[in-house]
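Notes follow the structure.
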Amino acid sequence: MQYALLAYGRTDSLRDASAPIDDAIAAVLARPYVTGWARLHADESATTLRSSAGKTLLTDGPFIDSKEYLAGVIVVEADDLDGALAVAQELQDARSGGAIEVRPVIEGLFRGA
Amino acid sequence: MALDAVFREHWGRVLARLVGLLGDIELAEEAAAEAFAIAAERWPLDGEPTNPIGWLVATARNRAVDQIRRQQVLAAKTKLLGRELELTPEAAMHDPATAVIPDERLELIFTCCHPALAIDAQVALTLRTLGGLSTEEIALAYLVPFDTMSKRLTRAKHKIRDAGIPFAVPPDHQLPDRLAGVLAVVYLIFNEGWGGRRIDLAAEAIQLGRALADLMPDDGEVLALLALMLLHDARRHARVRDGQVVPLDDQDRSLWNERQIAEGREFLEAAMTREHAGPYVVQAAIAELHLHQPRDWPQIATLYEALGRQTGSPIVEMNRAIAIAEIEGPEAGLAILDRLELDHYRYFHSTYADLLRRAGRHSDARRAYRRALDLANTDPERRFLRDRLAELNACE
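Residue numbers (the working numbering), protein chains in the order written: chain A, 1 to 113; chain B, 114 to 509.
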């Protein structure tokens, strides 16, 4: 099965986009069962598009305004939820705080980066 | 044995095996229900088969295969498609009279008590799948509308399927944590049973505890939880008299279930010889000490202290305060209670009130009894508290 690991961070934590990925995290991302990943800019860079009465409305900022923001998405291949949770645990151990939401993937296509 | 009782006894084994075969709890449950319905028609006429579990599994599996062949759409949604070969009659249809059906209830209980499920979903699912209670009975037991319980169960079954929660006993490195979760669910069900609801949840929990003790006879905590439940439950008929809760010292001991106490003691002794001795072993040992007259309060206080270190629970500390009050007097117990933050816990206020009363601080005691009354949630408790309050008022 495929799972998406949605890594959330706290908006008040420092986020330096130019800093390289932490070695411990990079090591996990290089594992064969990781089929794709994306590291995202902080949520003040977000633009949200929605439709209202046939018109497109753009807003500056994330769709859900909260203390946590989506910092990255990692797609992994695992036998079952316990397998996916083990990878999430590995990533979480390499991070400083935040949380990781694990979601089963219905279907998807991930081309090489 | 009445057919109902036979069904209840076999439900968990049959369902567990079907989940193992079909890979989907919902499908397995439908198939099992059909097989039990067919059995209800045929067994009274043809007699009970020599291997009822084998018969039920074979019948249910055939039904499931039929249904999937009829609705090929379903096959795509379940893992059955990939297993079609092993399900051909020749390969899988051993003679149901002699087939040995593997016991997969342990896999099933670890699935139902997976920490990725909400605790109320774990409880409901365990009662439904292992306990064989109907959705209606579980709704009744937890005083929630049928629709709410039905949705809770369906949502949990869908999450297990969609999120890929494994049907497996966890590997060694995860086992202690996950087993603690399973035991917590069983004990939660047992404690709910003390409220005197229409469905006997305490008996259900003891049944689950027995099944676990059969399946994991080498685990001290598993045996100790069963011992703990048996020892508590043995006093159930002495706990309420004339609709009022009776404190342990005033209970009519002839109403205690001696056979069950002896059984509880046996499981406790067995538990203490196992390597894995955690909080349930200590709790069962305390429950056993409480059955002696006079009670060995210093020993009880020592065990509560050990349990407090293991669990860090303020409720355990509250119970230690009761033991200390017996040894050193009510003021010593009150000194411990004053350090605890348990304002939401109803037994904290009745305990506090009792020690205040014994210390002669009557107006403080009345206030605490009134707070306990506000929080009490059964009539026998309320009657007991009202009587204590009335006694205090009569003292003035």
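Every residue, glycine too, gets a C-beta built ideally from N, C-alpha and C.
Within chain A, the residues that residue i reaches when beta carbons sit closer than 7 angstroms
i: residue 277 of chain B; result: 1, 80, 81 and 104
i: residue 67 of chain B; result: Because chain B is modelled from 114 through 509, residue 67 of chain B falls outside the range shown and cannot be assessed.
Where residue i sits in the DSSP three-state scheme
i: residue 66 of chain A; result: coil
i: residue 32 of chain A; result: coil
i: residue 423 of chain B; result: helix
i: residue 168 of chain B; result: helix
i: residue 357 of chain B; result: strand
i: residue 228 of chain B; result: coil
i: residue 57 of chain A; result: strand
i: residue 197 of chain B; result: Only weak support is given to the placement of residue 197 of chain B: the predicted model assigns it a pLDDT of 49, under 50, and the question is left unresolved by the model.
i: residue 491 of chain B; result: coil
i: residue 163 of chain B; result: coil
i: residue 202 of chain B; result: Residue placement at residue 202 of chain B cannot be trusted, given a pLDDT of 44 that sits under 50; what the coordinates show is reported in the next sentence. In the structure shown, residue 202 of chain B sits in a helix (DSSP, three-state: H, G or I).
i: residue 105 of chain A; result: coil
i: residue 249 of chain B; result: helix
i: residue 74 of chain A; result: strand
i: residue 100 of chain A; result: strand
i: residue 129 of chain B; result: helix
i: residue 39 of chain A; result: strand
i: residue 117 of chain B; result: helix
i: residue 417 of chain B; result: helix
i: residue 110 of chain A; result: coil
i: residue 376 of chain B; result: helix
i: residue 180 of chain B; result: helix
i: residue 19 of chain A; result: coil
i: residue 213 of chain B; result: coil
i: residue 256 of chain B; result: coil
i: residue 500 of chain B; result: helix
i: residue 430 of chain B; result: helix
i: residue 455 of chain B; result: coil
Span of the beta strand (DSSP E) around residue i
i: residue 115 of chain A; result: Since the displayed chain A opens at 1 and closes at 113, residue 115 of chain A lies outside it and no answer follows.
i: residue 463 of chain B; result: Premise fails: residue 463 of chain B lies in the alpha helix (DSSP H), 459 to 471, not in any beta strand (DSSP E).
i: residue 476 of chain B; result: Careful: residue 476 of chain B lies outside any beta strand (DSSP E), inside the alpha helix (DSSP H) at 475 to 488.
i: residue 144 of chain B; result: Not the beta strand (DSSP E): residue 144 of chain B falls in the alpha helix (DSSP H), residues 138 to 159.
i: residue 323 of chain B; result: Taken as a continuous stretch (DSSP letters only), residue 323 of chain B belongs to no beta strand (DSSP E), being part of the alpha helix (DSSP H) at 314 to 328.
i: residue 302 of chain B; result: Segment 288 to 305 is the alpha helix (DSSP H) holding residue 302 of chain B; no beta strand (DSSP E) there.
i: residue 50 of chain A; result: 47 to 52
Residue span of the alpha helix (DSSP H) that contains residue i, given as start and end
i: residue 366 of chain B; result: Element bounds for residue 366 of chain B: n/a, residue is neither H nor E.
i: residue 242 of chain B; result: 232 to 242
i: residue 267 of chain B; result: 259 to 276
i: residue 401 of chain B; result: 392 to 402
i: residue 407 of chain B; result: Element bounds for residue 407 of chain B: n/a, residue is neither H nor E.
i: residue 282 of chain B; result: No alpha helix (DSSP H) contains residue 282 of chain B, which DSSP labels as neither H nor E.
i: residue 93 of chain A; result: 81 to 94
i: residue 338 of chain B; result: 333 to 346
i: residue 446 of chain B; result: 443 to 450
i: residue 387 of chain B; result: Here residue 387 of chain B belongs to no alpha helix (DSSP H), and DSSP marks it neither H nor E.
Closest Cα partner of residue i within the set the options
i: residue 444 of chain B; options: B/283, B/459, B/467 and B/151; result: B/467
i: residue 235 of chain B; options: B/349, B/299 and B/360; result: B/299
i: residue 142 of chain B; options: B/508, B/172 and B/115; result: B/172
i: residue 486 of chain B; options: B/474, B/381 and B/460; result: B/460
i: residue 362 of chain B; options: B/243, B/404 and B/396; result: B/404
i: residue 166 of chain B; options: B/129, B/305 and B/412; result: B/129
i: residue 178 of chain B; options: B/152, B/137 and B/214; result: B/137
i: residue 295 of chain B; options: B/239, B/248, B/267 and B/349; result: B/239
i: residue 305 of chain B; options: B/231, B/393, B/345 and B/273; result: B/345
i: residue 452 of chain B; options: B/430, B/469, B/439 and B/313; result: B/430
i: residue 133 of chain B; options: B/154, B/224 and B/150; result: B/224
i: residue 76 of chain A; options: A/43, A/50 and A/106; result: A/106
i: residue 505 of chain B; options: B/471, B/491 and B/484; result: B/471
i: residue 510 of chain B; options: B/492, B/402, B/168 and B/478; result: With chain B running from 114 to 509 in the structure shown, residue 510 of chain B is simply not present.
Any chain D beta carbon closer than 8 angstroms to residue i
i: residue 352 of chain B; result: Among the protein chains in the structure shown, which are A and B, there is no chain D.
Taking 8 angstroms as the threshold, find out whether the stretch 340 to 355 of chain B comes into contact with the stretch 274 to 283 of chain B through three or more Cβ pairs. The answer is no - the stretch 274 to 283 of chain B does not touch the stretch 340 to 355 of chain B, with fewer than three Cβ pairs under 8 angstroms.
Hey, is the stretch 55 to 65 of chain A in contact with the stretch 86 to 95 of chain A, meaning 3+ C-beta pairs nearer than 8 angstroms? no
Three or more C-beta pairs below 8 angstroms linking the stretch 116 to 133 of chain B and the stretch 7 to 27 of chain A: No contact exists between the stretch 116 to 133 of chain B and the stretch 7 to 27 of chain A.
Contact the stretch 94 to 105 of chain A vs the stretch 37 to 52 of chain A: 3+ CB pairs below 8 angstroms: No: fewer than three Cβ pairs fall under 8 angstroms.
Could you say if the stretch 356 to 372 of chain B and the stretch 412 to 420 of chain B meet the contact criterion of at least three C-beta pairs nearer than 8 angstroms? no
Taking contact to mean 3 or more Cβ pairs, one atom from each stretch, closer than 8 angstroms, check whether the stretch 217 to 227 of chain B and the stretch 278 to 295 of chain B are in contact. As far as the Cβ criterion goes, the stretch 217 to 227 of chain B touches the stretch 278 to 295 of chain B, which means the pair count is three or higher.
Are at least three pairs of beta-carbons, each pair with one atom in the stretch 377 to 394 of chain B and one in the stretch 313 to 332 of chain B, less than 8 angstroms apart? yes
With a cut-off of 8 angstroms, do at least 3 Cβ pairs link the stretch 251 to 262 of chain B to the stretch 318 to 325 of chain B? no
How do the stretch 290 to 299 of chain B and the stretch 154 to 164 of chain B stand: do at least 3 beta-carbon pairs fall below 8 angstroms, yes or no? no
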